[in-house]
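Numbering (UniProt numbering), first residue to last: 1 to 330.
What follows is the structure in structure tokens.
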């Protein structure tokens with residue numbers, strides 16, 4: 001698979017370069033980030049997005065804070081406030097905390113985190129490929145652009161195609177930010193995987209026609225019982241798949257599981273600006289003054305999950321026991 005990574009680090013110049021995902025697929029524009037404050041704003045503005053990629057970027061945001069002489073406590077605070085739902089952000093910053101004031105230690109930890117993302121996602125891809133077959137439907141973007149590695153759900157899809165297990169991928173547009181249309185389609189084209197773009201509201205009809213053999217999505221935060229938050233529209237897919245008897249999988253690194261949460265009720269749901277619903281690339285779609293509601297994520301109950309694909313294998317119900325075992329919790 002040809003990977004298009006979402007970032008690169010120039011240690012000599014003290015710059016972390018982000019591929020501006022708002023401009024894809026029409027333009028490949030690299031944005032220089034030199035401070036933790038700039039990193040927090042880039043995460044908030046979705047220059048970089050996807051839970052694992054946000055985590056790695058935040059870790060390097062702390063590296064930039066050390067390089068620029070910023071107060072690490074303030075840098076940490078700004079980065080934690082950038083986006084509330086993806087637990088990888090907080091996992092990465094928690095790992096960086098012991099290295100406050102240690103420039104070299106901070107850089108080693110950030111690089112180690114990035115390597116772990118790649119190693120973890122290779123394992124997720126291999127485990128996930130085993131359970132996929134035929135025609136697969138996915139939502140949002142879960143490839144290298146979202147992670148900095150090989151991808152979670154999309155990594156499993158590409159590996160399953162390489163093994164000859166799947167023949168075709170249905171790609172949800174993923175409104176209103178169109179991560180599926182702009183990013184997943186872009187990655188699958190580069191990977192040479194046969195795929196077709198659909199509007200989100202077409203998925204149920206495809207399932208009724210027998211054109212979907214499995215659904216696989218990513219995860220921004222999962223509770224210990226298997227409830228999870230993912231890009232808005234995931235819950236509807238889960239309900240539709242359940243109704244049609246289609247296997248529904250979530251793929252994630254175990255770092256995306258929040259061990260503090262017994263259920264999904266405690267997962268914060270980010271609300272983004274209404275303008276992202278009301279406009280597309282500056283073109284207004286609704287009448288002036290008309291309101292819009294824009295939760296960026298929804299919650300999917302664990303009862304709709306067939307399995308959870310992790311670096312340690314595919315977990316099956318009861319998920320609370322399986323996740324505790326995988327995490328090494330008593």
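Don't be surprised by glycine CBs; every beta carbon is placed ideally from N, CA and C.
If you ignore the 5 residues before and after residue 290, its C-beta comes within less than 8 Å of the C-beta of 278, all in its own chain and listed in chain order.
Contact between residue 169 and residue 136 holds: CB atoms are separated by about 5 Å, below the 8 Å threshold. In the three-state DSSP reduction, residue 223 falls in the coil class, being neither helix nor strand. Inter-residue distance for residue 122 and residue 171 is about 22 Å (C-alpha atoms, whole angstroms). Sequence-distant partners of residue 32 (beyond 5 residues in either direction) whose C-beta falls short of 7 Å from its own C-beta, in its chain, are 15, 17.
Only residues of its own chain outside the window of five on either side were considered, and among them 143 have a CB closer than 6 Å to the CB of residue 187, listed in chain order. A Cβ-Cβ separation of about 4 Å places residue 55 in contact with residue 92 under the 8 Å criterion.
Secondary-structure assignment with DSSP links residue 231 through a beta bridge to 297. Closest in C-alpha terms to residue 311, from the list 294, 261, 257, comes 257.
Uninterrupted beta strand (DSSP E) stretches at least 3 residues long and entirely within the stretch 249-305 occur at 297-300, given in chain order. Out of 164, 202, 163, 34, the CA that lies nearest to the CA of residue 237 is found in 202. For residue 147, the enclosing alpha helix (DSSP H) begins and ends at 144-147. In the structure shown, the three-state DSSP call for residue 117 is helix. Excluding the 5 residues flanking it on each side, residue 73 has same chain C-beta neighbours closer than 8 Å at 100, in chain order. Residue state for residue 32 is assigned as strand, using DSSP reduced to three classes.
Residue 205 counts as exposed, since fewer than 16 other C-beta atoms from the protein chains shown sit within 10 angstroms of its C-beta. Nearest Cα to residue 131 within the set 321, 327, 315: 315.
Ranked by how close their Cα comes to the Cα of residue 276, the residues 292, 266, 154 have 292 in first place. Assignment of beta-bridge partners to residue 214 by DSSP yields 136.
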